[in-house]
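Here's the structure, in structure tokens; my notes come after.
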Amino acid sequence: MRELTLKSRGLYRCEVSEEAPSFHSAQSEAFMEVYYFPRETPRITGHERAYQLKEPLDVNCSSAKSFPAPDLQWVVDGQKITDRSWLIAFGAKPASQGLLVSTLGLRAPTKQRMKLKCVATIGSHRRERTVIIEVSSSSWNKPFSLLIIIALKIVCVKIS
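Last residue of the sequence shown: 159 (numbering that gives the first Met the number 0), numbering continuous.
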């Protein structure tokens, strides 16, 4: 079959016939889906900013344009995230030419180093993107040193 579009999905029948002298024939029908697999890996946003230790991680994964909308999943440090309280499903949004883009958010506590992977799947076809987030020790020490300065200031006020 050639020149298929997303609108080409439907019930199709195929018939095979022998030539003379028997002219036997067989036919079968089935529903056909047309898939458009993403050409790019998913895009992860929100990982670029500096995070402090234990601050909630706020990242999103968006699939490339495809049809049907891919299923998305997050894998953190090799563990698939199934805790729904960490996931925000934005669902599929229409894109050009009848294609769809899926987005899935991840809200989780940060650790010193995290390996985040987003996997987009349509049937047995999969695309994935991985990013590493490293919380610098200087960024998580700052709130502690600020707390000490504030505490010393309060103590100084009480003494004088």
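For glycine and all other residues, C-beta sits at the position ideal for the given N, C-alpha and C.
Quick caveat: nothing in here was measured; it's all calculated off a predicted structure.
Between Gln96 and the set Gly122, Lys6, Gln51, the nearest pair of CA atoms involves Lys6.
If you check the CB distance, Cys60 and Leu103 come in under 8 Å. Here Val118 is buried. Its C-beta has 16 or more other C-beta atoms within 10 Å.
Check the Cα spacing between Phe66 and each of Glu18, Arg38, Gly45: the tightest is with Arg38.
Here Glu17 has His23 as same chain residues with Cβ atoms under 6 Å from its own Cβ, once five neighbours each way along the sequence are excluded. In this structure, the beta-carbon distance from Ser84 to Ala91 does not fall below 8 Å.
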